[in-house]
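Chemist: Protein chains in written order, with my numbering: chain A, 24 to 276; chain B, 24 to 276; chain C, 91 to 428; chain D, 1375 to 1631.
We put the CB at the ideal spot given by N, CA and C, even for glycine.
For clarity, every value in this text was computed on a predicted model and none was experimentally measured.
A single structure is presented below for examination.
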Ligand SMILES: Nc1ncnc2c1ncn2[C@@H]1O[C@H](COP(=O)(O)OP(=O)(O)OP(=O)(O)O)[C@@H](O)[C@H]1O
Ligand SMILES: Nc1ncnc2c1ncn2[C@@H]1O[C@H](COP(=O)(O)OP(=O)(O)OP(=O)(O)O)[C@@H](O)[C@H]1O
Ligand SMILES: [Mg+2]
Ligand SMILES: [Mg+2]
């Protein structure tokens, strides 16, 4: 607590119920240090999306608190928080709203004052990274699902946030795009929290994993160890896929 | 051609351009026999979704022809075709539209005349299969993404179609749900065409695979052989995931 | 009811413009308190929805087109201030993008279809909702609010027409036609408003401004499986209908009633002109026949010996009666339930 | 997808009129409408000249006549009314083609018909040459309260979202064997219409939040700067300018008569 800035994300006793009365989070505690890459695992309906929506103040805590790099998420800090935390939504349709891909990717940087040639460079750079440069002038809602997902990732990369939160970024991506995304994430020097159902992908990318189940964190540890604990996994509807074996350690940096 | 009913799906020289001018299919040919389970693989933007949308007449052929169990897909046959072909959309939001899950799953069977206790039984049975019975009275748009996907699958199962076309059914499902879906599909005696980016899943479920790339079918053969051909895969942005090795044959029936 | 350029004289156009501008200024200040950062998107949706609802457009005898208005719906979903803004935006967009309603008549259109419907709708809604509590009460209040708001707007239109219409037509004819037809439209409007509010209330009660104040307690689960129940931390603000707003509302309601009274008086006190209108009525009758069939009041004429004008008043009275009756019934039912 | 019907209002093109900044065009149309309305109804030829001016704009913008006519149907109810006034109007009467008509009514009918039509055509030309989104940027430029502009922006977006959701729901219904053929199907449509409002709102809400999380603070970032040059303002204001000249001329003539 002396150097809170060391912790990128801190969540305390977070509980939340949706307006229709469904309670999704029942007291979540977690801490992620600066520069860590953490996977958030858990069954469908566990509350993963609900949790990540709190990390940049899209949902506001019913109970408990969230703080980002030492700043509590509150009404008056929202603007700052949202510049630090980049969130890739689970559904790309929720993320893309401008008439062309170019405008959409430019939206974030333009809001923080980038313009002219530099804006153009940022936009192209972000699209390049996800391999979507050739669709730059098309309307985002006329792309294939996977293309939309990649553009959605680009919109967030273009903002260069210090904390990247991704909700199932690899779903609907073709296998090459999935690997390329992993490479991009590994090349960035940012804190990453990634929700995924793809356990091998989590192992490949993240040292550490959390398991969220029924609205509480039920496990927190090294991904390798968690994935080796078949019983723990099975209790929370997780299992390693067909044909997969945990590879020998220290393959990836 | 003597016994067309043996072929569940026949697509001939199918080409299609979207209203904005983007051409997505450039002459697709394929034939799927009754009772086969076939995987449709290919990179993002290859035209997979566009192709499957033709199989029950949601998009209508710009050029070429599609026929289902010997019946050509035309305006006047649409009703019949749609009762035979059950399509699970890539985006569950495209599939669910009624105010509650129960109504939504009941919609298809009710349209084909099922009612009363039998309807109730059908609905519950379908939801049971995807493990979503407990959300039966909730509004579908208030479910988590994975829950929505499962309900979307249930809406189609409830119609008991003879041909099941699934567009990335396993994305956003938790690992247990993914396995359960595989079991359900294996237990049904129907023709299955499944679009997927998850190559191990394709191998687990489907004997045969097609690769669609840039709007044409570039490979058609046994899944095991296609996945062993690393060069072919790489040419079409496909690759086996981290930690995966093709298991010895004849493990699954 | 979208008034085009050249329909009213300059004096009325300009003064209505001033009224509209003043009303908007008040609402712009008030709206900030109503919905905070969700104002714009929520108001945008309501505006889009109202736009869609207003496309249900059918011809009405006295010359204008009749369609649902949506002011009461806006007021209930987003509150009166933001509601006026929504209506103003709808009218603005219709005028500039769709050429529906004249640019110089924008003030009149905003005054009639925006300010009057919202004020009357909200006033009635508050009144009834206070009597009949709970979700059922809100739905009933929504029905009545919409029902009353439409003929009120029609009456204000007639009053303005009386003051500054450019066409030499008997005001009573206009009032009767507008009032009568809009009683019918009001019923449709009431049904649609109640259905929409009811549907939203069922799954997203937080989106109905007129029904705020429902939060569920939260449960906390500890690692040791101990559970604690806590209240949600942010208490939702109660509906703000205090001080200036209430005065504004009451003033608006009063004004509407006075106008309605004047018009009704005017209408019933000039039977001579009526005869002339009735004689040359053939075309008018035919136009209305399609829409409303043979309902006695639909012809606003001497069907069954009810003279024009009186028909309008009867119509308005009928609305108030139905409104009162339903409110009373709803109140009774709520009592039984509690 | 996404092609809400309001997009068809705009006819893509690259004419002088299309290129004018939206704020200039908005102001020009408003000023034109005021001049038209202020013109006394007796000056027939002034209205004729106004029509010629608008025709000039249409030609310059290459907006086809058929398009303008098709969009003019919004005016229909008032046209009917304008024809009705002489029939039911009060006062002195005259006989035209065997029908007894009110003289004052004829004047009033003409007045409404002429002024409303000119106003409608001017608005149609504005919408045909300016994208809806751009019109709103123009309104922002003209210092319209930003909350109003924002609501209008969201309204346009939501019209897209609603259309889009409606399309999705229709496809979903049809792919499960539903065809709206007769009245028994109305309840189905009605029930799904209830869900539509909430669905649209919630999708829109998430999009709004996505905008917020990318630093949106109530104003669209200006990616392409559109400020009017003196020349452009002059071009745009030529329309009301000439209209005003016509009005002045007609007044002079009216005096001399
Ligand atoms: N808008 C909503 N209104 C009401 N309840 C909701 C809403 N969204 C989600 N829920 C419920 O909240 C719980 C948690 O949902 P959440 O979306 O956080 O799950 P998730 O862990 O992201 O699941 P998935 O892996 O399927 O994406 C679920 O029970 C879900 O049904
Ligand atoms: N509505 C649309 N309008 C115009 N072009 C479209 C539309 N939908 C898709 N496309 C384009 O058609 C091509 C094929 O798209 P399709 O959705 O069929 O791809 P896909 O193989 O399903 O990809 P993914 O794996 O990403 O889902 C792509 O280039 C895409 O950009
Ligand atoms: Mg989720
Ligand atoms: Mg696809």
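Cβ closer than 9 Å: which chain A residues qualify as neighbours of residue 1532(D)?
Modeler: Within the fourth chain, residue 1532(D) is the residue found at index 158, counting from 1. Residues of chain A passing the Cβ test: none, with the nearest at roughly 11 Å.
Chemist: Can you list, in chain order, the residues of its chain with a C-beta nearer than 7 Å to that of residue 108(A)? Leave out the 5 residues immediately preceding and following it.
Modeler: Reading the first chain from its first residue, position 85 is the one you call residue 108(A). Around residue 108(A): 78, 79, 91, 184, 186 and 188.
Chemist: Ends of the alpha helix (DSSP H) at residue 275(C)?
Modeler: For this step, residue 275(C) is matched to residue 185 along the third chain. Unbroken alpha helix (DSSP H) run through residue 275(C): 261-293.
Chemist: For residue 104(A), which three-state DSSP category applies?
Modeler: For the purposes of this step, residue 104(A) is taken as residue 81 along the first chain, with counting starting at 1. In this structure, residue 104(A) counts as helix in the three-state DSSP scheme.
Chemist: Measuring only between beta-carbons, confirm whether residue 162(B) sits less than 8 Å from chain C.
Modeler: Counted from its first residue, the second chain places residue 162(B) at position 139. Yes, contact with chain C.
Chemist: Any idea what DSSP makes of residue 127(A), helix, strand or coil?
Modeler: If you number the first chain from 1, residue 127(A) lands on position 104. Helix, per DSSP.
Chemist: What do you get for residue 122(C), buried or exposed, if any count of 16 or more other CB atoms within 10 angstroms of its CB means buried?
Modeler: Residue mapping note: residue 122(C) aligns to position 32 of the third chain, counting from 1. The residue is exposed, with fewer than 16 neighbouring Cβ atoms inside 10 Å.
Chemist: Starting from residue 230(C), follow the alpha helix (DSSP H) in both directions and report where the run begins and ends.
Modeler: Here the question's residue 230(C) lines up with position 140 in the third chain. Where residue 230(C) is concerned, the enclosing alpha helix (DSSP H) stretches over 224-254.
Chemist: What I want to know is whether the C-beta of residue 1575(D) ends up closer than 7 Å to one or more non-hydrogen atoms of ligand 1.
Modeler: As a position in the fourth chain, residue 1575(D) is number 201, starting the count at 1. No, ligand 1 has no heavy atom inside 7 Å of this Cβ.
Chemist: Indicate whether at least one CB of chain A lies closer than 8 Å to the CB of residue 63(B).
Modeler: If you number the second chain from 1, residue 63(B) lands on position 40. No, residue 63(B) does not count as interfacial toward chain A.
Chemist: Just list the alpha helix (DSSP H) runs in the region 43-97 of chain A, keeping only unbroken ones of 4 residues or longer that don't cross its boundaries, in chain order.
Modeler: Correct list: 71-78.
Chemist: Assuming the contact rule is C-beta atoms closer than 8 Å, residue 229(C) and residue 291(C) should be a hit. Round their C-beta distance to whole Å, please.
Modeler: To locate residue 229(C), count along the third chain from 1; it is residue 139. To locate residue 291(C), count along the third chain from 1; it is residue 201. So it is a contact: roughly 7 Å between Cβ atoms.
Chemist: With the cut-off set at 8 Å, would you say residue 1532(D) and residue 158(C) are in Cβ contact?
Modeler: Taking the first residue of the fourth chain as position 1, residue 1532(D) is located at position 158. Taking the first residue of the third chain as position 1, residue 158(C) is located at position 68. Not closer than 8 Å, so no.
Chemist: Exposed or buried, which one is residue 253(B) when buried takes at least 16 other CB atoms within 10 Å?
Modeler: Along the second chain, one-based indexing puts residue 253(B) at 230. Exposed: under 16 other Cβ atoms inside 10 Å.
Chemist: Helix, strand or coil, according to DSSP, for residue 331(C) in the structure here?
Modeler: As a working mapping, residue 331(C) is identified with position 241 in the third chain. Confidence in residue 331(C) is poor, its pLDDT being 39 and thus under 50, which makes the residue's placement unreliable; the coordinate value appears in the next sentence. Three-state DSSP puts residue 331(C) in coil, outside helix and strand.
Chemist: Just how far apart, CA to CA, sit residue 1617(D) and residue 129(A)?
Modeler: Here residue 1617(D) is taken as the residue at index 243 of the fourth chain, counted from 1. Here residue 129(A) is taken as the residue at index 106 of the first chain, counted from 1. About 42 Å.
Chemist: Let's see if you can read the secondary structure: which residues bound the beta strand (DSSP E) around residue 1498(D)?
Modeler: Taking the fourth chain and counting its residues from 1, one reaches residue 1498(D) at position 124. That residue, residue 1498(D), is in no beta strand (DSSP E); its alpha helix (DSSP H) goes 1477-1503.
Chemist: How long is the line joining the alpha carbons of residue 1437(D) and residue 1402(D), rounded to whole angstroms?
Modeler: Here residue 1437(D) corresponds to residue number 63 of the fourth chain, with the count starting at 1. Here residue 1402(D) corresponds to residue number 28 of the fourth chain, with the count starting at 1. Whole-angstrom Cα-Cα distance: 18 Å.
Chemist: Out of 1615(D), 1391(D), 1619(D) and 1627(D), which one is the CA nearest neighbour of residue 1500(D)?
Modeler: Working through the fourth chain from its first residue, we reach residue 1500(D) at position 126. The option with the nearest alpha carbon to residue 1500(D) is 1391(D).
Chemist: What did DSSP end up calling residue 112(B) once you bin it into helix, strand or coil?
Modeler: Numbered from 1 along the second chain, position 89 holds the residue referred to as residue 112(B). Coil.
Chemist: Work out the CA separation of residue 64(B) and residue 231(B) for me, nearest whole Å.
Modeler: In the second chain, residue 231(B) corresponds to position 208, counting from 1. In the second chain, residue 64(B) corresponds to position 41, counting from 1. Those two C-alpha atoms are separated by around 11 Å.
Chemist: Looking at the unbroken alpha helix (DSSP H) that takes in residue 205(B), where does it start and where does it end?
Modeler: Numbered from 1 along the second chain, position 182 holds the residue referred to as residue 205(B). It spans 198-210 - the alpha helix (DSSP H) in which residue 205(B) sits, taken as one unbroken run.
Chemist: Which residues of chain A have a Cβ atom closer than 8 Å to the Cβ of residue 77(B), listed in chain order?
Modeler: Sequence index remark: in the second chain, residue 77(B) carries index 54 (1-based). Those within 8 Å of residue 77(B) in chain A number zero; the least Cβ separation is about 15 Å.
Chemist: Compile a chain-ordered list of the residues in the region 259-270 of chain B whose CB is closer than 8 Å to at least one CB of chain A.
Modeler: Residues 260, 261, 262, 263, 264, 265, 266, 267, 268, 269 and 270.
Chemist: Excluding five sequence neighbours on each side, which residues of the same chain lie with their C-beta closer than 7 Å to the C-beta of residue 159(B)?
Modeler: Sequence index remark: in the second chain, residue 159(B) carries index 136 (1-based). Same-chain partners within the cutoff: 124, 125 and 150.
Chemist: Could you tell me whether the Cβ of residue 27(B) comes closer than 8 Å to any Cβ of chain D?
Modeler: Residue mapping note: residue 27(B) aligns to position 4 of the second chain, counting from 1. Legend: pLDDT at residue 27(B) = 47, less than 50; position of this residue unreliable, value from coordinates given subsequently. Not an interface residue.
Chemist: Residue 34(A) and residue 89(A) look like a contact to me (Cβ under 8 Å); what is the Cβ gap, rounded to whole Å?
Modeler: Numbered from 1 along the first chain, position 11 holds the residue referred to as residue 34(A). Numbered from 1 along the first chain, position 66 holds the residue referred to as residue 89(A). Correct: roughly 5 Å between the Cβ atoms.
Chemist: Using CA atoms only, rank isn't needed, just tell me which of 222(C), 238(C) and 225(C) is closest to residue 213(C).
Modeler: Numbered from its first residue, the third chain carries residue 213(C) at position 123. The candidate whose alpha carbon is nearest that of residue 213(C) is 238(C).
Chemist: By the three-class DSSP mapping on this structure, what secondary structure does residue 34(B) have?
Modeler: By one-based count along the second chain, residue 34(B) stands at place 11. DSSP places residue 34(B) in strand when its eight states are reduced to three.
Chemist: State yes or no: is the C-beta of residue 165(B) nearer than 7 Å to some heavy atom of ligand 1?
Modeler: For the purposes of this step, residue 165(B) is taken as residue 142 along the second chain, with counting starting at 1. Yes, the Cβ of residue 165(B) comes within 7 Å of a heavy atom of ligand 1.
Chemist: Compare the C-alpha of residue 1572(D) against each of 132(C), 166(C) and 99(C) and name the closest.
Modeler: Within the fourth chain, numbered from 1, the residue matching residue 1572(D) stands at position 198. Checking every option, the nearest Cα to that of residue 1572(D) belongs to 132(C).
Chemist: Note down, in chain order, each residue of its chain lying with its Cβ closer than 6 Å to the Cβ of residue 220(B), except the 5 sequence neighbours on either side.
Modeler: For the purposes of this step, residue 220(B) is identified with residue 197 of the second chain, where counting begins at 1. The answer is none, since no qualifying residue turns up.
Chemist: What residues of chain A sit near residue 241(C), judged by a beta carbon separation below 8 Å?
Modeler: Taking the third chain and counting its residues from 1, the one referred to as residue 241(C) is at position 151. Chain A residues near residue 241(C): none, gap ~35 Å exceeds 8 Å.
Chemist: For a contact meaning CB atoms closer than 7 Å, what does residue 294(C) contact in chain D?
Modeler: Position 204 of the third chain, counted from the first residue, corresponds to residue 294(C). Under the 7 Å cutoff, chain D gives 1572.
Chemist: Taking Cβ-Cβ distances shorter than 7 Å, what residues in chain D pair up with residue 106(A)?
Modeler: One-based indexing of the first chain puts residue 106(A) at position 83. Correct list: 1589.
Chemist: Let's test the definition: count the other Cβ atoms within 10 Å of the Cβ of residue 1489(D) and tell me whether it reaches 16, buried, or not, exposed.
Modeler: Walking along the fourth chain from the start, residue 1489(D) turns up at place 115. With 16 or more Cβ atoms within 10 Å of its Cβ, residue 1489(D) is classed as buried.
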